[in-house]
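Q:
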Amino acid sequence: MRFIAQRIWLEQFAVLVVKEFRQLVRDRAIFLYIIYIFTLDMFIAAGGPSMELRNANLLIHDGDYSVASRELTYRFRSPYFRLTDVMMHPEDGMHLLDRGKATLLLDIPPGFEKDLHADERPATLQVLVDTSKSQIGYLASSYSARIGESFGRDWVSQNSSASGATSLPSIKNQRRIWFNPTLNDSWFYGISEILAMITVACIFLPAVAAVREKERGTLEQLLVSPLTPFQIMFAKVFAMIVVTVIGTAVSLFAIIHPVFSVPVQGSVTLFFVLTALYAFTASGLGLLAATFARNSGQVGMILLLIVIPTIMLSGIWTRLESMPVWLDFLILFSPLRYFVEIAYGILLRGAELNSLWTPILAMLTLGVALFTVALMRFRRQFA
Amino acid sequence: MNAARVTAVVLKEWREILRDRIYFLLAFFLPIVLMVVFGYGMTQEIDDIPFAVSDYDRTALSREYTHRFIESRYFDFKGHLRSVNQADTLLTGGDVQFVIVIPEGFQERLLGGQQTEVQTLMDGALTMPLRTIDGYVEAINSAATSELQIEYLTRKHAISPQRAQNILQPIKLEIRYLYNQELRDIWSVAPSLIMFNLMLSAPMLMALSVVREKEIGTIFNIYASTISRAEYLLGKLIPNVIVSYINGIILMLMAIYYFGAPFKGSTIFFLSALLVYVICASCMGLLISLWVKTQMAAIIVTIVSIFVIAMQFSGMMAPVSSMTGVNYFLAHSFPPKYFNDIVSATFLKGGGLMASWQELLVLFVFFVGFYIFAYLMFHKRGKT
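Chains A and B are the protein sequences, given in the same order. For the first sequence, the working numbering assigns the number 196 to the initial residue and increments by one for each residue that follows. For the second sequence, the working numbering assigns the number 617 to the initial residue and increments by one for each residue that follows.
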């Protein structure tokens, strides 16, 4: 007898899930959007502009016109720098920097080569860097400093008599970058975009599906049928989890992995199981949002207020350490905060299940809590 | 153009904004929330970067070298590792950003005037601020090397440290950071966020206000009335521009007073440019609203297009000047790039009309173009 009740429950559930799939496919705007975020959007995001310094526009004012000054300027070259213009006066260069037409100005004073030969004083030259974009500005100045150093070293070994013969103590920094040896930004962009888009889909889809039924009044119909609120809600969530997992698989195996050669170091099965778990957690947030909205315009706006903070306050883009203290509490409620650790762990760092228990449990707890609150509010509104 | 009819639409629209509580709240609340969230979520301040050291030498020199990193305000020392194998666990778990491995014989080789190698193992999973961190590590390392060499030469040839330095470093690069001397990332990001947030919220509010009428069906009243197309569009535009302009001023004040970004340029010029930009952005929303039928579709189309245009092709993330090919062309085809130029010129560089009149002119051309296009696209009688 008990067995039959369970079978009926499952059959009802299956019918509801199929209904959700049909409704999703028939809503053209949303269906196209879901296809977009897991395909074209991945191309755009993963192919985004690199954060490496590339072709920074360089201005040169060469007041010396010597062999040494020419050799130095020659070292500022692609891919980092691109010589844009040669200035007659440094002031003209300042003007171009003000206008944002260049990133840095190398100002070589007259007598540069003469100073190089003299031991009394170093040959001084100025580099003016536009740091209004601080990251790019810092890289431009840091690379300039390295060029200056290596030029100085080479000059010493070629021209100096005092130290040329003796060897000098030096510390060489051997940099090894783990998990992304060539510092390919596409890996980071690609994985971050997948995580962001899973979040969008999981919060957005169930919320829209729930509000649509509220708006049209079909929810009342479902509630007077022999279905429980849990069945109705969970069918929506289940259908959208399936969609999300399929979407994730498509973007990972059809785009991010083959086109941008992002590796999958850990277990694929583990990744997808945990993606489904994450999808469940995030959809709790979406359902909760749906209980606050009356029509789809409102749910759209509320979702923006939930989806974007969930993504931005997750450490997907920046280190959480640098966030202000008053946001720490809110960050706890971003399910993505836990999934970032898990996804980067499995995909790039090759982490295994036993090192991921803390974020998994935290995520699961949050998911159950969100789902319970959403279900309670839902029951109160309609029952 | 009948002023009375335009006013009637403006008043009706204004009442609608005030009466729909959620809409009102979101119209003013959304940009502020997004400003805070993006402000913290997108800045890459380099401070308290966790690192560990695996010191196989354990000598005075290796300790001195380690201390250079511990004392840096950018790094947060997490402790000494017993062996390099521990680095594996720490890096895989994401607990530290990098591990410095100092080999045995570090001090011996250096005192003997030889080269020695240290290893920096870095977690490259999140590449965003990694190059900057690498830059700081490299800078500390090269400062250490140069001090050692000066000391060595001074001792060996019995010359003054000053002279030793001149021999070793015949050229001195004086690097001056312009516009943002302290390299505060938030100073770069916060002003650009004014551009980004307005490009997200202004078109969305505008598009929703027209599409809502389509969805509810009240737009048929407009179709049947004597009001002309241009009057209706203008009547819709004005209240939404006012809301978004107020938002723009709030965002500007937040950038200055909450995030502390310096505003060095001309206030009057910036406020005028802001107005033109807000009108431009609202007209983009108008175009979207003519094309879609439901509010949900309006939100989706706005988000999809704006995130790509205003985030990737505006110069907010990477400078437009170093883009090539299609990207360069795309960046120049939409308003955000031009307003971003104005924002960074007025905020950090102290510019005004003289510096940015060309960008302002382009924005103005965009506005006129968008409005005429919207006018031509809007039909009171449907195609069927």
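Even for Gly, the Cβ is constructed at its ideal location relative to N, Cα and C.
Could you check if Arg249/A is buried or exposed, using at least 16 other CB atoms within 10 Å of its CB as the buried criterion?
A: Sequence index remark: in the first sequence, residue 249/A carries index 54 (1-based). Flag for Arg249/A reads buried.
Q: Kindly identify the DSSP beta-bridge partner or partners of Lys1015/B.
A: Because chain B here runs from 617 to 1000, residue 1015/B falls outside it and cannot be looked at.
Q: Looking at chain B, is there any beta carbon in it that lies within less than 8 Å of the beta carbon of Arg249/A?
A: Translated into positions along the first sequence, residue 249/A becomes position 54. So yes, Arg249/A belongs to the interface.
Q: Hey, would you say Met237/A sits closer than 8 Å to Ser446/A, going by beta carbons?
A: Indexing the first sequence from 1 puts residue 237/A at position 42. Indexing the first sequence from 1 puts residue 446/A at position 251. Taking 8 Å as the Cβ cut-off, Met237/A and Ser446/A qualify as a contacting pair.
Q: Is the Cβ-Cβ distance between Ala668/B and Tyr539/A less than 8 Å?
A: In the second sequence, counting from the first residue as 1, residue 668/B sits at position 52. In the first sequence, counting from the first residue as 1, residue 539/A sits at position 344. Going by C-beta atoms, Ala668/B is not nearer than 8 Å to Tyr539/A.
Q: From Ile662/B to Trp907/B, what does the alpha carbon distance come to, in whole angstroms?
A: By one-based count along the second sequence, residue 662/B stands at place 46. By one-based count along the second sequence, residue 907/B stands at place 291. One C-alpha to the other measures close to 44 Å.
Q: Using a C-beta to C-beta distance shorter than 8 Å, which residues of chain E count as neighbours of Gly864/B?
A: Included in the structure are the protein chains A and B, with no chain E among them.
Q: Note down, in chain order, every chain A residue with its Cβ under 9 Å from the Cβ of Asp711/B.
A: As a working mapping, residue 711/B is identified with position 95 in the second sequence. Here the premise fails: no neighbours, minimum Cβ distance about 11 Å.
Q: Where do the ends of the beta strand (DSSP E) carrying Phe691/B lie?
A: Counted from its first residue, the second sequence places residue 691/B at position 75. Taken as a continuous stretch (DSSP letters only), the beta strand (DSSP E) holding Phe691/B covers 691-696.
Q: According to the neighbour-count rule (16 or more other Cβ atoms, all chains shown, within 10 Å of its Cβ), is Ala430/A buried or exposed?
A: Counting from 1 along the first sequence, the entry for residue 430/A is found at position 235. Buried.
Q: Give the straight-line distance between the Cα atoms of Ser841/B and Ile638/B, rounded to the nearest whole angstrom.
A: Counting from 1 along the second sequence, the entry for residue 841/B is found at position 225. Counting from 1 along the second sequence, the entry for residue 638/B is found at position 22. Near 29 Å, if we compare the C-alpha coordinates of Ile638/B and Ser841/B.
Q: Where DSSP assigns a beta bridge to Asn252/A, which residues make up the other side?
A: In the first sequence, the residue the question calls residue 252/A occupies position 57. Asn252/A pairs with Arg277/A.
Q: What residue does the alpha helix (DSSP H) around Glu266/A start on, and which one ends it?
A: Here residue 266/A is taken as the residue at index 71 of the first sequence, counted from 1. Residues 262-270.
Q: Excluding the 5 residues flanking Leu867/B on each side, which residues of the same chain have their C-beta closer than 8 Å to its C-beta?
A: What you label residue 867/B is simply residue 251 of the second sequence in a count that begins at 1. For Leu867/B, where only same-chain residues beyond five positions count, the Cβ hits under 8 Å are Pro647, Ile648, Met651, Leu809, Ile810, Asn813, Leu814.
Q: Tell me which residues of the stretch 792-815 of chain B have at least one Cβ-Cβ distance to chain A shorter than 8 Å, keeping chain order.
A: Arg792, Tyr793, Leu794, Tyr795, Asn796, Gln797, Leu799, Arg800, Asp801, Trp803, Ser804
Q: Using 8 Å as the threshold, is the C-beta distance between Leu543/A and Trp382/A below it?
A: Here residue 543/A refers to the residue found at position 348 when the first sequence is read from its first residue. Here residue 382/A refers to the residue found at position 187 when the first sequence is read from its first residue. Less than 8 Å separates the beta-carbon of Leu543/A from that of Trp382/A.
Q: Counting C-beta neighbours from all protein chains within 10 Å, is the total for Asn549/A 16 or more, i.e. buried, or is it exposed?
A: By one-based count along the first sequence, residue 549/A stands at place 354. Looking at its Cβ environment, which holds fewer than 16 other Cβ atoms inside 10 Å, Asn549/A is exposed.
Q: Identify the continuous beta strand (DSSP E) that holds Val212/A and give its terminal residues.
A: Translated into positions along the first sequence, residue 212/A becomes position 17. Where Val212/A is concerned, there is no enclosing beta strand (DSSP E), although the alpha helix (DSSP H) it sits in stretches over 197-221.
Q: For Val437/A versus Ser491/A, is the C-beta spacing smaller than 8 Å?
A: Reading the first sequence from its first residue, position 242 is the one you call residue 437/A. Reading the first sequence from its first residue, position 296 is the one you call residue 491/A. Cβ distance not < 8 Å, so Val437/A and Ser491/A don't count as in contact.
Q: Going by the beta-carbon positions, is the gap between Leu219/A and Gln426/A smaller than 8 Å?
A: Translated into the one-based positions of the first sequence, residue 219/A becomes position 24. Translated into the one-based positions of the first sequence, residue 426/A becomes position 231. No, these two residues do not count as a Cβ contact at 8 Å.
Q: Per DSSP, what kind of secondary structure is Arg370/A in: helix, strand or coil?
A: Numbered from its first residue, the first sequence carries residue 370/A at position 175. If DSSP states are grouped into helix, strand and coil, Arg370/A belongs with the strands.
Q: Bridge partners for Thr736/B per DSSP, in chain order?
A: Locating residue 736/B in the second sequence gives position 120, counting from the first residue. For Thr736/B, which the question treats as bridged, DSSP gives the partners Arg370/A, Ile716/B.
Q: Would you be able to state if there are at least three C-beta pairs under 8 Å between the stretch 712-720 of chain B and the stretch 732-739 of chain B?
A: yes
Q: When Cβ atoms are compared, which residues of the stretch 643-661 of chain B fall closer than 7 Å to chain A?
A: Listed in sequence order: Leu646, Val649, Leu650, Val653, Phe654, Tyr656, Gly657, Met658, Thr659, Gln660, Glu661.
Q: So, Ile768/B versus Pro364/A, is the Cβ gap smaller than 8 Å?
A: As a first step, residue 768/B must be located in the second sequence, where it is residue number 152. As a first step, residue 364/A must be located in the first sequence, where it is residue number 169. For the record, residue 768/B in the displayed sequence is Tyr; it is not Ile. Yes, Cβ-Cβ distance for Tyr768/B and Pro364/A is below 8 Å.
Q: Under 8 Å, do Phe644/B and Asn863/B count as touching if we go by C-beta distance?
A: Taking the second sequence and counting its residues from 1, the one referred to as residue 644/B is at position 28. Taking the second sequence and counting its residues from 1, the one referred to as residue 863/B is at position 247. Yes, they are a contact pair.
Q: Which residues, taken in chain order from the stretch 435-452 of chain A, show a beta carbon closer than 8 Å to some beta carbon of chain B?
A: none
Q: Of the residues Leu527/A, Leu311/A, Ile537/A, which one's Cα is nearest the Cα of Val565/A?
A: Numbered from its first residue, the first sequence carries residue 565/A at position 370. It should be pointed out that residue 565/A corresponds to Leu in this sequence rather than to Val. Checking every option, the nearest Cα to that of Leu565/A belongs to Leu527/A.
Q: List the endpoints of the continuous alpha helix (DSSP H) containing Asp293/A.
A: Translated into the one-based positions of the first sequence, residue 293/A becomes position 98. Here the alpha helix (DSSP H) through Asp293/A covers 285-293.
Q: Starting from the beta carbon of Arg197/A, find every residue of chain B whose beta carbon is closer than 7 Å, and list them in chain order.
A: If you number the first sequence from 1, residue 197/A lands on position 2. The contacting residues do not exist; Arg197/A stays about 42 Å from chain B at best.
Q: Would DSSP call Ile633/B helix, strand or coil?
A: Mapped onto the second sequence, residue 633/B falls at position 17. Ile633/B: helix per DSSP, three-state reduction.
Q: Taking the alpha carbon of Arg371/A as the reference point, which residue from Asp704/B, Ala961/B, Glu763/B has its own alpha carbon closest?
A: For the purposes of this step, residue 371/A is identified with residue 176 of the first sequence, where counting begins at 1. Comparing Cα positions, the closest option is Asp704/B.
Q: For Pro519/A versus Ile537/A, is the C-beta distance shorter than 8 Å?
A: As a working mapping, residue 519/A is identified with position 324 in the first sequence. As a working mapping, residue 537/A is identified with position 342 in the first sequence. Going by C-beta atoms, Pro519/A is not nearer than 8 Å to Ile537/A.
Q: Using 8 Å as the cut-off, can you tell me whether the stretch 773-780 of chain B makes contact with the stretch 388-400 of chain A, which would need three or more C-beta pairs spanning the two stretches below that distance?
A: no
Q: Taking Asp259/A as the reference, give the member of Gly306/A, Leu278/A, Met289/A with the closest Cα.
A: Along the first sequence, read from residue 1 onward, the residue named residue 259/A stands at position 64. Taking only the C-alpha atoms, the option nearest Asp259/A is Gly306/A.
Q: For Ala224/A versus Thr910/B, is the C-beta distance shorter than 8 Å?
A: Position 29 of the first sequence, counted from the first residue, corresponds to residue 224/A. Position 294 of the second sequence, counted from the first residue, corresponds to residue 910/B. Yes, these two residues count as a Cβ contact at 8 Å.
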